[in-house]
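Some notes on the structure that comes next.
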């Protein structure tokens, strides 16, 4: 009899929890205002970390849990280790597709500009990249690359280098963090996405071979600054803090941070 009482009490304790087995309590975040005092998951070094989450940590008593990969923060949300995740909009959509039971709130943060980071003072490479970007915008290639990764025509028109593309100027190395779909992710041993495609199109315009090096997000700017990489791209937002260490190309895309929470 006592055994059944214990089992019944355990069942009652689980009642009302979104996922008792994983320790995830019912969602308590329904808007930005609810983030105060909550535990927020972010990817280390991203705008969600250094701008938005930092504000909640300093001004609203929130606790910030930092992860090397955005998907790790999302898994922590599913497991109940954090109450919400702040991350860029398009990766957020990709993450919740592979992690059921989550949703994106309607609340959004301010728009952000994505650009390539370049070693501070390298005005020649900055000008070259900006010139190539201007051509890619003008001839529709840039938008076609984005459309091939986002929207109803995704995957229907992949970018390919022109036949006999010039590679006479040598190699440009791009530092990235390939955990940020659709901007960059891995397919087998290959790094794919919007940023690799745009970088390849730029190299095709400029006469370079493209090499991509995968690393942690917060290692990209140091790699560019030290010369280990020529430029960096990882859905990277132009911020005043980053401008102290690197220069940026012209904008090639815009985004916003969003909030991911459990559905229940």
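In this note's numbering, the protein residues as written are 4 to 267.
We treat Cβ as the ideally placed atom computed from N, Cα and C, and that holds for glycine.
- Taking residue 267 as the centre and dropping the five residues before and after it, the same chain places the C-beta of 21, 29, 30 and 104 closer than 8 Å to its C-beta, in chain order.
- Between residue 59 and residue 38, the beta carbon gap of about 5 Å places them in contact (Cβ cut-off 8 Å).
- As computed with DSSP, residue 183 is found in a beta bridge with 187.
- Counting only runs of 4+ residues, the alpha helix (DSSP H) found wholly inside the stretch 214-261 occupies 223-229 and 243-246, in chain order.
- In the DSSP assignment, residue 32 falls outside any beta strand (DSSP E) and carries neither an H nor an E.
- Rounded to the nearest whole angstrom, the C-alpha separation of residue 50 and residue 163 is 31 Å.
- Just so you know, the alpha carbons of residue 55 and residue 45 end up roughly 10 Å apart.
- Remark: fewer than three beta-carbon pairs, one from each stretch, lie closer than 8 Å, so the stretch 243-254 and the stretch 80-99 are not flagged as touching.
- Taking 8 Å as the cut-off, the beta carbon of residue 80 is found closer than this to the beta carbon of residue 263.
- For residue 137, the enclosing alpha helix (DSSP H) begins and ends at 126-141.
- Residue environment analysis places residue 131 among the buried positions, since at least 16 neighbouring C-beta atoms fall within 10 angstroms of its C-beta.
- Here residue 53 is near residue 244, since their CB atoms are less than 8 Å apart.
- Within the model, the alpha-carbon separation for residue 195 versus residue 170 is close to 20 Å.
- In this chain, residue 115 is not harboured by any alpha helix (DSSP H); it is covered by the beta strand (DSSP E) spanning 105-117.
- Residue 198 has its alpha-carbon roughly 10 Å from the corresponding atom of residue 145.
- Under the criterion of beta carbons closer than 8 Å, residue 228 and residue 249 qualify as touching, at roughly 6 Å.
- Two segments are said to touch when three or more pairs of C-beta atoms, one from each, lie closer than 8 Å; by this definition the stretch 155-162 does not touch the stretch 129-143.
- One Cα belongs to residue 148, the other to residue 160, and the distance between them is close to 8 Å.
- Remark: C-beta atoms of residue 202 and residue 220 do not approach each other more closely than 8 Å.
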